[in-house]
Amino acid sequence: MSIMNSFINDIFEKIAGEASRLARYNKKPTITSREVQTAVRLILPGELAKHAVSEGTKAVTKFTSA
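Quick note on numbering: the UniProt record's numbering labels position 39 of the sequence shown as 39, and the sequence is numbered without any gaps.
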């Protein structure tokens with residue numbers, strides 16, 4: 001279980017760091033879903049990125065409609 005936790009934390013830190021760099025590069029004060037999606041596409045390979053973006057969008061839609 002500890003290995004999975006470390007893996008998830010590592011991926012989260014990579015995505016957050018990349019999203020932060022993208023926001024800074026575009027001179028934006030906040031990280032939006034666009035930066036997160038772009039970071040996911042840059043970090044995760046091919047099909048995995050596509051599924052991650054799809055599931056993330058679905059989760060956000062479900063959260064905002066509840």
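Idealized CB from N, CA, C, for every residue including glycine.
Comparing C-alpha positions only, which one of Ser6, Met1, Lys14 sits nearest to Ile43? Lys14
Let me know if Ala59 comes out buried or exposed under the rule of 16 or more other beta-carbons within 10 Å of its beta-carbon. exposed
Inter-residue Cα distance where the pair is Gln37 and Met4: 22 angstroms
Straight-line gap, Pro29 to Ala23 (C-alpha atoms, nearest Å): 7 angstroms
With C-beta atoms as the reference, is Ala39 less than 8 angstroms away from Ala66? no
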